[in-house]
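Asks:
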Amino acid sequence: MERDKKESRSVSRRTFIKRATIGTSVILITGWISCSPIRRFIAGKFEEAEASYKNKFEPQSWFEITASNEVLLFSPKVEMGQGVFTGLAQLAAEELGVEMDQIKVKNASTDKHPTDPRGTGNSDSIAGLYTPLRQLAAKMRMMLVANAALILNVPIEKLTVEKGIISGEGKSISFGDIVAKAKEWHIPKDVKLKERKDFKIIGKAIPRVDLLPKVMGAPMYGMDVSMPGMLYGAVVRADKIDAKLQSADTSLAEKMPGVIKVVVEYDFVGVVAKTYTQAHNAKNAIKAKWKVNKVWQQQEIRDKVKVGQGKAFVIQKEGNAEKVLNKENTLTTEYTTPIGAHAQIEPNGAVVHVTKDKTIIKMSTQVVKITCEEVAKRLGISTDKVVLEATFLGGGFGRRLHTPNAVQAAVMSRAVGKPVHVFFDRQQEFQHDTFRPPTHHVLKGSLTPEGIIKALEHNVSSGDVAFGSPMLPGYAETVLGADLGAWRGGMIMYEGIENYQAISWRVNLPFATSWWRGLGLLANTFAIESFLDELANKAGKDPVQFRLAHIKNDDRGNKLKGVIEAAAQKAKWGQALPEGRAQGFAACVDVNTPVAQIAEVSIEKGQIKVHKVTCAIDPGLVVNPDGVRAQCEGAIIMGMSAALKEKMEIVDGAVTPTIYGPYKMAMMRDAPKEIDVVLLESDGIPTGVGEPPIGPIAAAIANAVFKLTGQRLRDIPLKLA
Amino acid sequence: MKIDFKINEQAKTVEVDGDEPLLWVIRDVLNLRGTKFGCGKAACGACTIHVDGEAVRSCSFAVKKAAGKNITTIEGLSKNGALNPVQQAWVQEIVPQCGYCQTGFMMATAAMLKKIPNPTDQDIDDNIANICRCGTYYRMRKAIHLAAKLNNK
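Protein sequences appear in the order of chains H and C.
Take any residue in the first sequence, count from 1 to its spot, add 12: that is its number in our numbering.
Take any residue in the second sequence, count from 1 to its spot, add 8: that is its number in our numbering.
#1: Indicate whether at least one CB of chain C lies closer than 7 Å to the CB of A149 (chain H).
#2: How long is the line joining the alpha carbons of A2 (chain C) and P225 (chain H), rounded to whole angstroms?
#3: Leaving out five residues on either side along the sequence, give the residues of the same chain with a beta carbon under 6 Å from the beta carbon of P555 (chain H).
#4: With distance defined between alpha-carbon atoms, name the residue in H:G429, H:G632, H:L720 nearest to K273 (chain H).
#5: Please give the ranges of any beta strand (DSSP E) in the region 303-364 of chain H, keeping only runs that are unbroken, at least 3 residues long and fully inside the region.
#6: How far does the alpha helix (DSSP H) with K430 (chain H) in it extend, from its first residue to its last?
#7: Going by DSSP, what residue range makes up the beta strand (DSSP E) through H470 (chain H)?
#8: Throw me the rounded Cβ distance for the P180 (chain C) and I102 (chain C) pair, which I believe falls under 8 Å.
#9: Establish whether the CB of V99 (chain C) and some CB of chain H are separated by less than 7 Å.
#10: Does Q94 (chain H) come out as helix, strand or coil in the three-state DSSP assignment?
#11: As a quick exercise: from H:A300, H:N305, H:R146, H:V423, pick the residue whose alpha carbon is nearest that of L521 (chain H).
#12: For a contact defined as C-beta to C-beta under 9 Å, what are the partners of F13 (chain C) on chain H?
#13: Rounded to whole angstroms, what's the CA-CA distance from K216 (chain H) to D210 (chain H)? Just pull it up for me.
#14: Relative to the ligand ZN, is the shortest distance from any of its heavy atoms to the C-beta of S66 (chain C) smaller than 6 Å?
#15: Just the C-alpha distance for V71 (chain C) and D133 (chain C), rounded to the nearest angstrom, thanks.
#16: Would you list the one or two residues that DSSP bridges to E76 (chain H)?
#17: Considering only DSSP beta bridges, list what I11 (chain C) is partnered with.
#18: For K161 (chain C), which residues of its own chain have a beta-carbon under 6 Å away from its beta-carbon, when the five flanking residues on both sides are left out?
#19: Of all the residues that make up the region 41-63 of chain C, which are near chain H by a beta-carbon distance shorter than 8 Å?
#20: Name the chain C residues that come within less than 7 Å of M92 (chain H), Cβ to Cβ?
#21: Where does F400 (chain H) land, buried or exposed, given buried means 16+ other C-beta within 10 angstroms?
#22: Near N159 (chain C), what residues of its chain come up, given a Cβ to Cβ distance below 7 Å and the 5 sequence neighbours on each side ignored?
#23: For E645 (chain H), go through chain C and note every residue whose CB falls closer than 8 Å to its CB, in chain order.
#24: Should Q378 (chain H) be labelled buried (16 or more other beta-carbon atoms within 10 Å of its own) or exposed?
#25: Check the C-beta distance from V221 (chain H) over to A101 (chain H) and give it rounded, since I have them as a contact under 8 Å.
#26: Take Q95 (chain C) as the anchor and find which of C:R149, C:V37, C:M114 has the nearest alpha-carbon.
#27: Check whether the Cβ of I728 (chain H) lies closer than 7 Å to any Cβ atom in chain C.
#28: What residue range does the alpha helix (DSSP H) around F543 (chain H) cover?
#29: Of all the residues that make up the region 562-584 of chain H, which are near chain C by a beta-carbon distance shorter than 7 Å?
#30: Report the three-state DSSP secondary structure of I168 (chain H) (helix, strand or coil).
#31: Using 7 Å as the threshold, is the C-beta distance between A599 (chain H) and A716 (chain H) below it?
#32: Of the residues H:V477, H:I509, H:I504, which one's Cα is nearest the Cα of G497 (chain H)?
#33: Using CA atoms only, rank isn't needed, just tell me which of H:T525, H:E507, H:C627 is closest to D745 (chain H).
#34: Looking at L459 (chain H): is its Cβ nearer than 7 Å to the Cβ of T345 (chain H)?
#35: In whole angstroms, what is the alpha-carbon distance linking I540 (chain H) and G696 (chain H)?
#36: Quick one: what's M650 (chain H) bridged to in DSSP?
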């Protein structure tokens, strides 16, 4: 990589620190992240919209080698269940020349390890680090080999690397011993990476590296962090949306058992106490007054989210769909999706200790750098005085891209001079989620007498997803116009159609909406893929053949055809099924990964029951087949849960419900007993897998229900009449 | 108040408010953090432990009710470093994703298997009512059947 070479020249040897601690010799190697810029084609106007994610490439340390010949890899990406630690370990081990059990992945600490300039999400961790991390590992190996040559007195070209041992001419030395003996390190400028055919570790279904600690119940999450003298903090939050704190009577709370201090700030009131229960009880005793701008009701929210209202942006245009549809419109239908909660099980929180010299943060966050910056800003200190060590995340799904708890914990820690652990209770978690926005879709289609789509139009009205997020600079709204999160999955992938367009309508909502696994993918794919099914039915065509007939014959199109055909074949599409069952089909392309799914459903006691889901996915190159399967299975179940059960509503100004149970979710009894994942690998570069498979499932289920019952369900959660 | 109980086969005396949820005593007083806080309302099951062999949601179980009882947490499910069959099955099926809810599921499963050594799918549906947001139910079901097999060996 061009950027890689340039950086390596500019890094002086002084940046290599060799340090010895008791029983461990350690080398730090410098490196940097190269995140692929986000590229989007917007309405033919912007070739690249990469301004939003400008990176600084900061030389930081990635690897340590211990005397016991273990390699530590410090991951700037956080592990939230997606298996990124395992994938990154595979990439590094492959080029380093170590076995998987010789490499341990640790969470990076912002003071000494690589910091991701952006965050973990967008299904791009493996895709983005696939080349840079292998290059770093290869450089590390070459540096070790160069030193082994000096120590062993054997020419470099005679040396081989295996299992962390470098050998040649009958002599050998371990990585750990090289580190202990080496005097100088030189960073090679160029590296030659292994070819795909020579991979021994990449592509293997290695069990995830965090499996054992997770099964043993190790204290690895943000919630499990403990610091000496740690206290608990709780923050008062409004029950209603569109509310601002006016005043708070804290007199009762101040006298409650265990209370150390009540902290009153311009934007929040919190209490610090010895135990969680004491902090929680004292928080509930604070009488806060809120200025409620307006008491909102669900119908008012619904009425706001309507195609035709607010600002419209054409996000995709080919031919002239408008003209065709004005003359010959075969079908217009509408779809809706509700407000969705993240509902991850580990509450959002942070442990922060503010001292004179530095501020230490340990927490579950998807945006390490942004969290540091926000805390530094609030405390009025420079960011380099803030050290954040991410923990494992008890679920991410986009929920941990906003981290107000860290700021509040920092303020409270400074007030009491001790580490403070602040987290949302479950009611706050539900009421102050950054929700998946509600959406409304209008689809229009025109069919030729032969049953070919002549024109197709998708309109989506949605609350914001990306706009308003600290991940995007303020000017992004002006540059992009349409919210790139809201229209994710909203463009037409059937590029064989002559005339098509997609239009995004922006709505301002009185509550926070933001990133949710796949962003707009679930809602948009539900609408488009349901409509494709409706058109196929209207045309009297098989839904799978109908789709194939509208896909362009190019690389992208052929990849998509590949997964559609693979899913149909694997699920035995079109063949006889047990009595009372039907299959439904849907597909999507997300982060360049095409996915096709077939849901097999029945109706039991008036409820939709999903028995089996077949999923074909083509993420280019699969680093860990078991990891990709797990992501597909999980996304299918999470998507199914959203499709059949989940919704939040605004009742008398409050977001409800506020607890699991009333917030209905898929449970063991609802999950399909069969999930059949077919992995295709079409080229040499991995594309994302964390989000794409959440796209098709809702439409696949709805389309199966139509086949079975003749009822077309156009509103999520899907309910039979 | 002073409360005595056995936890993971060790006798302990804690001095806490009797109404304090057992979860926080386990986590913050006894420093066993494998039992998780999820909702605080016994709705998600992340805090599931055993009290005298019964699955209990410890976030909503007052510590005074544990007096004189035998408590088992995930840390006590494995014996002398050897994984419990439930944990073995979880490893073999590679169940966890984020992993946060998993200890609660394993405790719920272990309790169920004591009563129903060979659960059917229906038994699993009826007895395992915890919540997993990563959607690992599909693998979990396989692991529960495998755990039953390993248990019966």
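We put the beta carbon where it would ideally sit given N, CA and C, even for glycine.
Every value quoted in this text rests on a predicted model; they were computed, and no experiment measured them.
Replies: Based on what the coordinates show:
#1: Here the question's residue 149 (chain H) lines up with position 137 in the first sequence. Answer no: the Cβ-Cβ gap between A149 (chain H) and chain C never drops below 7 Å.
#2: Examination of residue 2 (chain C) is not possible in this model, given that chain C is present from 9 through 161 alone.
#3: Taking the first sequence and counting its residues from 1, one reaches residue 555 (chain H) at position 543. So the list reads D545, A548, F597, once near-sequence residues are dropped.
#4: Numbered from 1 along the first sequence, position 261 holds the residue referred to as residue 273 (chain H). Closest by alpha carbon: H:G429.
#5: 323-330, 343-349
#6: Here residue 430 (chain H) refers to the residue found at position 418 when the first sequence is read from its first residue. Taken as a continuous stretch (DSSP letters only), K430 (chain H) belongs to no alpha helix (DSSP H), as it is neither H nor E.
#7: Mapped onto the first sequence, residue 470 (chain H) falls at position 458. Counting along the chain, the beta strand (DSSP E) containing H470 (chain H) begins and ends at 465-474.
#8: Lying before the first or after the last residue shown, residue 180 (chain C) is absent from chain C, which here runs from 9 to 161.
#9: The residue given as residue 99 (chain C) occupies position 91 in the second sequence. Chain H, which has a Cβ nearer than 7 Å to the Cβ of V99 (chain C), makes this yes.
#10: Within the first sequence, numbered from 1, the residue matching residue 94 (chain H) stands at position 82. Q94 (chain H) falls in the coil class under three-state DSSP.
#11: Here residue 521 (chain H) is taken as the residue at index 509 of the first sequence, counted from 1. Measuring from the Cα of L521 (chain H), the nearest candidate turns out to be H:N305.
#12: Here residue 13 (chain C) refers to the residue found at position 5 when the second sequence is read from its first residue. Those do not exist, as F13 (chain C) stays about 19 Å from chain H at its closest Cβ, beyond 9 Å.
#13: Locating residue 216 (chain H) in the first sequence gives position 204, where the first residue counts as 1. Locating residue 210 (chain H) in the first sequence gives position 198, where the first residue counts as 1. Cα to Cα, K216 (chain H) sits roughly 12 Å from D210 (chain H).
#14: Questions concerning the ligand ZN fall outside what the structure shown contains, since it holds no ligand whatsoever.
#15: In the second sequence, the residue the question calls residue 71 (chain C) occupies position 63. In the second sequence, the residue the question calls residue 133 (chain C) occupies position 125. Going by the C-alpha atoms only, they are around 29 Å apart.
#16: Indexing the first sequence from 1 puts residue 76 (chain H) at position 64. DSSP lists H:L84 as partners of E76 (chain H).
#17: Sequence index remark: in the second sequence, residue 11 (chain C) carries index 3 (1-based). For I11 (chain C), which the question treats as bridged, DSSP gives the partners C:V22.
#18: Numbered from 1 along the second sequence, position 153 holds the residue referred to as residue 161 (chain C). There are no such residues.
#19: R41, G42, T43, K44, F45, G46, C47, G48, K49, A51, C52, A54
#20: For this step, residue 92 (chain H) is matched to residue 80 along the first sequence. C106, listed in chain order.
#21: By 1-based counting over the first sequence, the position of residue 400 (chain H) is 388. As written in the sequence, residue 400 (chain H) is Leu, which differs from the Phe given in the question. So L400 (chain H) counts as buried.
#22: Walking along the second sequence from the start, residue 159 (chain C) turns up at place 151. P93, L121, P125.
#23: For the purposes of this step, residue 645 (chain H) is taken as the residue at position 633 of the first sequence. The answer, in chain order, is G143, T144, Y146, R147.
#24: In the first sequence, residue 378 (chain H) corresponds to position 366, counting from 1. Label assigned to Q378 (chain H): buried.
#25: Position 209 of the first sequence, counted from the first residue, corresponds to residue 221 (chain H). Position 89 of the first sequence, counted from the first residue, corresponds to residue 101 (chain H). The Cβ separation is near 6 Å, so the contact holds.
#26: In the second sequence, the residue the question calls residue 95 (chain C) occupies position 87. Measuring from the Cα of Q95 (chain C), the nearest candidate turns out to be C:M114.
#27: Locating residue 728 (chain H) in the first sequence gives position 716, counting from the first residue. No, I728 (chain H) lies away from the interface with chain C (no Cβ there is under 7 Å from its Cβ).
#28: As a working mapping, residue 543 (chain H) is identified with position 531 in the first sequence. Element bounds for F543 (chain H): 533-551.
#29: none
#30: Locating residue 168 (chain H) in the first sequence gives position 156, counting from the first residue. Here I168 (chain H) sits in helix by DSSP.
#31: Position 587 of the first sequence, counted from the first residue, corresponds to residue 599 (chain H). Position 704 of the first sequence, counted from the first residue, corresponds to residue 716 (chain H). Going by C-beta atoms, A599 (chain H) is not nearer than 7 Å to A716 (chain H).
#32: As a position in the first sequence, residue 497 (chain H) is number 485, starting the count at 1. When only C-alpha atoms are compared, the closest one is H:V477.
#33: Shown here, chain H extends from 13 to 733; a query on residue 745 (chain H) therefore has no answer.
#34: Residue numbering aside, residue 459 (chain H) sits at position 447 when the first sequence is read from its first letter. Residue numbering aside, residue 345 (chain H) sits at position 333 when the first sequence is read from its first letter. No, they are not a contact pair.
#35: The count along the first sequence starts at 1 and reaches residue 540 (chain H) at position 528. The count along the first sequence starts at 1 and reaches residue 696 (chain H) at position 684. Whole-angstrom Cα-Cα distance: 30 Å.
#36: Residue mapping note: residue 650 (chain H) aligns to position 638 of the first sequence, counting from 1. In DSSP, M650 (chain H) forms no bridge with anything.
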